[in-house]
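What follows is one structure encoded as structure tokens, with my remarks underneath.
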Amino acid sequence: MNILKQQPKPFFSAHLDATRRDRRLCNGLDEAIAVPYYWGHIDRHEAAQTLEGLGHGSFLLRDSSHPDFRFAVSFRCADSTVHARIARYKGNYSFKLDDSRRFCAPTLTKFVEHYNKLERFLFDEPYLSKPVFRRRVFSLKEMCNAVIASRVTLNNVDTLPLPSRNIREITQMLEG
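Per our numbering, the very first residue in the sequence shown carries number 33; after that it's consecutive.
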């Protein structure tokens with residue numbers, strides 16, 4: 033049996049519909065990794081611990097643990113920490129998909145800036161005034177994977193000229 037003639041197996045099962053396979057793996061991850069208040073993969077408990085004792089409006093951006101959402105923001109409101117998922121729908125970021133009255137923005141940074149520039153406290157709107165910067169630098173590998181995952185789709189990830197181990201790591205980013 034000639035190993036060189038074997039076709040590589042795709043890393044994703046064939047049951048994924050065509051629409052999902054055309055989506056980018058992690059749209060916006062390259063933008064998120066560039067801002068100092070993005071903490072990456074930490075859970076809500078770690079986020080709450082990081083924000084403990086900080087003032088109203090302190091916040092950090094992190095990966096969401098929910099499979100349908102890529103990002104979440106954790107922030108201080110009064111004397112507690114609140115966690116909110118950030119939805120992406122039709123190319124825009126928003127806190128709610130089903131409410132057309134909610135603010136939405138085409139980029140994560142514009143989305144965060146909107147909630148940073150609120151002129152007054154609104155009970156139902158987060159106030160993100162004090163970014164909490166992460167305490168570590170992302171590795172070159174993490175940054176490269178983020179850029180690649182932001183630009184490739186499930187349809188073309190297997191065609192990248194990378195070792196299969198690297199492609200698996202990139203595709204695992206989809207799952208968080």
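Backbone N, C-alpha and C define an ideal beta-carbon position, used for all residues, glycine too.
Quiz item: By how many angstroms is the C-alpha of G89 removed from the C-alpha of I118?
Solution: 17 Å
Quiz item: Taking the alpha carbon of D100 as the point to measure from, which residue in R120, E84, L93 has its own alpha carbon closest?
Solution: R120
Self-check item: Uninterrupted alpha helix (DSSP H) stretches inside the stretch 65-100 (no shorter than 4 residues)
Solution: 76-83
Quiz item: Mapping DSSP to helix, strand and coil, what is C176?
Solution: helix
Quiz item: In chain order, what residues of the same chain have a beta carbon less than 7 Å from the beta carbon of E63, not counting five sequence neighbours either side?
Solution: T139, L140, T141
Exercise. Provide the residue span of the alpha helix (DSSP H) that contains N148, from first to last.
Key: Boundaries of the alpha helix (DSSP H) harbouring N148: 140-148, taken from the DSSP string.
Practice problem: Count the other C-beta atoms from every protein chain shown that fall within 10 angstroms of the C-beta of L192, then say buried if there are 16 or more, exposed otherwise. | Solution: Classification of L192: exposed, given that the 10 Å Cβ count is below 16.
Self-check item: Whole-angstrom C-beta distance between F91 and S106, which should lie under 8 Å
Solution: 7 Å
Quiz prompt | V114: first and last residue of the uninterrupted beta strand (DSSP E) it sits in | solution = 112-121
Quiz item: Between the C-alpha atoms of I74 and L93, what's the straight-line distance to the nearest angstrom?
Solution: 10 Å
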